[in-house]
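Structure first, commentary second.
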Amino acid sequence: MKSHVHVLGAAFLALLVAASSAHSDEVFLKDGTILKGQVVSQKEVVNDPASGQAFAALKAGGFFAVADGVRIVIFSSKQVDPTQGEAGSRKGDFLGQFTTFQRRYNPGSRQPQGGSFRGAGPFNERGVRILKMTDPAGKDFELPQIVTVVNPHGVQITAKEYAWRSHYLTSEFDRKIIRELINTFPEAADTQGKPDVDKRMKIYRFLLQAKWFDEAARELDTLVKLVPEAKERVENARSELREVEALDTLDQANQALLAGQFRYAQAMLAKIPIQNLPGTVKVKANTVQVRVDNIAKQWDMAVRYLRQLPDEVDGPDAELLCEAAESIRENLYLESLDRLEPFISLAEQAERQRKQRTQPTKKPEQLLSLALTGWLLGKESAQDRPEAARKLWKARRFVMRYVTANSARIRDGLLKNYTKDEPVELDELARIISLLPPAQPDDASGLEPIKRRAVGPRETDYHVQLPLDYYPGRPYPVVIVLNNENQRPQDILQWYRREAAMNGFLLVAADWSGGTFGPYVYDVAAHERVLEVIHDLKLRFPIDTDRVFLSGWGHGANAAWDIGLSHPDLFAGVAPISSQPKLSHTLPLYRNAQNLPMYIVTGDLAGEAPKEIQRVVGEMINRGFPILHSIYRGRGLEWFSGELPYIFDWMNRKRRYSGMSEVGRFPGGFGSSNEEYQSMRSTDNHFWWLSSNDFMDHHLIENKQPKRDFNPARFQGSIKPGNQISVYSLGLRNMTLHFGPGMIDYTKPIRIAWTGYKPNYVWTNNGKPLQPSLQTLMDDLRDRRDRNRLVYVKVELPAAGK
35 MKSHVHVLGA AFLALLVAAS SAHSDEVFLK DGTILKGQVV SQKEVVNDPA SGQAFAALKA
95 GGFFAVADGV RIVIFSSKQV DPTQGEAGSR KGDFLGQFTT FQRRYNPGSR QPQGGSFRGA
155 GPFNERGVRI LKMTDPAGKD FELPQIVTVV NPHGVQITAK EYAWRSHYLT SEFDRKIIRE
215 LINTFPEAAD TQGKPDVDKR MKIYRFLLQA KWFDEAAREL DTLVKLVPEA KERVENARSE
275 LREVEALDTL DQANQALLAG QFRYAQAMLA KIPIQNLPGT VKVKANTVQV RVDNIAKQWD
335 MAVRYLRQLP DEVDGPDAEL LCEAAESIRE NLYLESLDRL EPFISLAEQA ERQRKQRTQP
395 TKKPEQLLSL ALTGWLLGKE SAQDRPEAAR KLWKARRFVM RYVTANSARI RDGLLKNYTK
455 DEPVELDELA RIISLLPPAQ PDDASGLEPI KRRAVGPRET DYHVQLPLDY YPGRPYPVVI
515 VLNNENQRPQ DILQWYRREA AMNGFLLVAA DWSGGTFGPY VYDVAAHERV LEVIHDLKLR
575 FPIDTDRVFL SGWGHGANAA WDIGLSHPDL FAGVAPISSQ PKLSHTLPLY RNAQNLPMYI
635 VTGDLAGEAP KEIQRVVGEM INRGFPILHS IYRGRGLEWF SGELPYIFDW MNRKRRYSGM
695 SEVGRFPGGF GSSNEEYQSM RSTDNHFWWL SSNDFMDHHL IENKQPKRDF NPARFQGSIK
755 PGNQISVYSL GLRNMTLHFG PGMIDYTKPI RIAWTGYKPN YVWTNNGKPL QPSLQTLMDD
815 LRDRRDRNRL VYVKVELPAA GK
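Numbering (this note's numbering), first residue to last: 35 to 836.
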């Protein structure tokens, strides 16, 4: 997919503006996302029958949008946090706060012809560049542009001969280019060749607001050399710069701690010049420093005790406790210290008692039992009984061996021996499983991308970049990125690389095309390759299966749309950038985004794409789905690098929908206004705890008849109190229900009513409760490798009995 610009989409944005009253605000969403800019809201006229007066009110189920001068971000009013001010917003002056350089320029009135970009020349000393383009007929032409606005947030570039303004985030440009562009504005130029202090200070303030602290410091150094009498003003600015930079560094340290990057947080704090800061900033810095020092102390004690105590342990469980201590030490990570709190506290107490030549309260084997039980079950369940620790560790050993055993005979033997030995309760085993490391851990390290091949029928290649400060035992969020046509997977990896590393994400580029690097053609093979990579990641890397995200650019973004909507139960969110999704494959599946957050990025001049995307997004927003649609003004099919920090901030707030009680909005039924999950392929057959392996042919997209409406297969289910379960389907001859921890009461009878292939079908298991099965749990874990979505029982409908 080449970069294109088409004169389309402006009418939609004009409608947004016409439907709104705009003011500069901060808008707070329910997930904690904050959007800043001019608020745009969809309104309707309401007539008051009592007074006879008409007034404007927010439209129920309508949209909100925020325009920040570069983008318009659209979302449902149902996503706004009503606890934050009026309609989830607070008054502010986001656009007016920036130091701005601008020039007046009256462009032509003609609309530019459409075409594809071949490249852009450099900006000259007047802020002009030449776009090289090719028109739809294949003829090359050039289009001059001039920079008309630059501020720390955005850049406006205007076509000299046409009515076309393109808007960019400042972060999309190299800093050196922005600095040179500032010099092209008269308000930045020195007066008659002499340094102008006010103008130089304006440049400094721009750099400060952009958080380009090194450049801001150099600007002040240059100014005081050129104009020594400006020293006092420069010194005041330096104090301001130190304070702002220190606060920004503190934010980075706190973000590093949230991402599990303890050593990076320490490095950030070491950069802060505490002695030269105002009191309030010192307090904030010292608060974070104390927290980091406490973490470092706890870490050092945990490692030390886990290394020392095995040499002192005694009794029949000594070997097992030593094995556990070594494993815990090797898999320790920042957030896991909390699970070891009782162990660390009592081990420290025992150390003090020995120094005081008194008998320690706890023996080494008791202390290691606290470490083991707390590590596996959490500090609230920590016990100092070696026999309890032994049972838990043997259960862990059993699980690790079972999921890696390739022979059914070996697995049967493991299961038989475990159940005869000291099995733990199934719910306890589930807690152990949720914290297990990968079954076949990869030995990768460092920040350079590594190449792996997924184990599976497609043998799909993928590239992995580890985050900063990587700990092999920590469950990490992962973002799968999908390349455009004619682009290698490892190349798109570079585009996401910095933000993924800084936010503590595993970054994975999957070869969805099978090495052809061609366009996305909506085939099953591409789905299978991406899913195969995810399956392989679960085997090798410590990924958090509740925080798997999918993103992509161009044709890779089209794939992200299709794969994400087809398998919404696998992902915490989907972020397609510059996509052109087929309506034939996205519109029938829009309901599948009801609990699948999506962050969609487009340019408003990207041909038919904005209009077609809005057809789908409009359906989603009207129903209150968790969608953000970021539209860049005056831009085409392009890579929007400046959007990545916003996308990663959004991903940091997302987790996969649990689907515990409801899959689709019930009661459902054909033609209802409720929201069933929909499928167009027999391979897209699993939605949380509902699945099927028998689709009716006419509900599959490959059998769609020309010029006839297509009706996908449908899944829907609800679990009510008292084990009352309702299921609805369309186009399915059977269904399987997968029940896991906490979903139903396994001590009481169950009633399943299925509306679908068999009318008025009811199954009650002959009035008996369902019995959780260890083998079902283990085989499902081995098959799907999803440690956060375990299955105890599977019920196949139609089923035997009543």
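Every residue, glycine too, gets a C-beta built ideally from N, C-alpha and C.
So, under 8 Å CB-CB, residue i and residue j are touching, yes? Tell me the CB distance rounded to an integer number of Å.
i	j	result
residue 822	residue 783	About 28 Å; that fails the 8 Å criterion.
residue 422	residue 441	Not really, about 31 Å apart at Cβ, beyond 8 Å.
residue 637	residue 666	5 Å
residue 599	residue 643	Not really, about 17 Å apart at Cβ, beyond 8 Å.
residue 190	residue 162	The Cβ separation is near 14 Å, so there is no contact.
residue 780	residue 815	That belief does not hold up - the Cβ atoms of residue 780 and residue 815 are roughly 18 Å apart, past 8 Å.
residue 670	residue 639	5 Å
residue 617	residue 649	7 Å
residue 841	residue 806	Given that the chain is displayed from residue 35 to residue 836, the structure contains no residue 841 and the question cannot be resolved.
residue 282	residue 245	6 Å
Among residues of its own chain, excluding the 5 on either side of residue i, which ones have a beta-carbon nearer than 7 Å to its beta-carbon?
i	result
residue 382	335
residue 322	284, 287, 288 and 303
residue 521	551
residue 367	294, 505, 507 and 508
residue 405	340, 359, 362, 374 and 377
residue 652	none
DSSP three-state call for residue i: helix, strand or coil?
i	result
residue 323	helix
residue 425	helix
residue 335	helix
residue 721	strand
residue 564	helix
residue 863	Absent from the model: residue 863. The displayed extent of the chain is 35 to 836, so no value can be given.
residue 538	coil
residue 820	coil
residue 828	strand
residue 187	coil
residue 610	strand
residue 777	coil
residue 200	strand
residue 621	helix
residue 557	coil
residue 515	strand
residue 112	helix
residue 552	coil
residue 760	strand
residue 171	coil
Measure the Cβ-Cβ separation of residue i and residue j and say whether it is below 9 Å.
i	j	result
residue 100	residue 71	yes
residue 589	residue 554	yes
residue 401	residue 384	yes
residue 595	residue 620	yes
residue 767	residue 718	no
residue 184	residue 134	yes
residue 610	residue 635	yes
residue 151	residue 672	yes
residue 540	residue 500	yes
residue 240	residue 186	yes
residue 745	residue 691	no
residue 677	residue 664	yes
residue 502	residue 565	no
residue 113	residue 660	yes
Chain B beta carbons: is any one of them nearer than 9 Å to that of residue i?
i	result
residue 628	Included in the structure is just one protein chain, with no chain B present.
Once the 5 residues before and after residue i are set aside, which same chain residues still bring their CB inside 6 Å of it?
i	result
residue 799	784
residue 465	411
Spatial neighbours of residue i within its chain, please: C-beta separation below 8 Å, excluding the five flanking residues on both sides.
i	result
residue 470	430, 433, 434 and 821
residue 364	506 and 507
residue 689	580, 581 and 606
- Message: Quick check: the stretch 556 to 564 against the stretch 521 to 539, are at least 3 beta-carbon pairs closer than 8 Å?
- Response: No, they do not touch.
- Query: Using 8 Å as the threshold, is the stretch 808 to 828 in touch with the stretch 444 to 464, meaning 3 or more CB pairs across them?
  - Reply: The stretch 808 to 828 makes contact with the stretch 444 to 464; the number of CB pairs closer than 8 Å reaches 3 or more.
- Query: Using 8 Å as the threshold, is the stretch 708 to 720 in touch with the stretch 731 to 738, meaning 3 or more CB pairs across them?
  - Reply: Between the stretch 708 to 720 and the stretch 731 to 738, the count of C-beta pairs closer than 8 Å reaches three or more; the two stretches touch.
- Query: Would you call the stretch 572 to 579 and the stretch 466 to 486 in contact, with 3 or more CB pairs under 8 Å?
  - Reply: Using a C-beta cut-off of 8 Å, the stretch 572 to 579 makes contact with the stretch 466 to 486, since at least three inter-stretch Cβ pairs fall below that distance.
- Message: Can you confirm whether the stretch 304 to 321 touches the stretch 274 to 282 when touching is taken to mean that 3 or more C-beta pairs between the two stretches lie within less than 8 Å?
- Response: Yes, since at least three Cβ pairs between the stretch 274 to 282 and the stretch 304 to 321 fall closer than 8 Å, the two stretches touch.
- Flag this pair as touching only if the stretch 262 to 274 and the stretch 510 to 524 have three or more C-beta atom pairs under 8 Å; answer yes or no. Output reads no: the stretch 510 to 524 does not touch the stretch 262 to 274.
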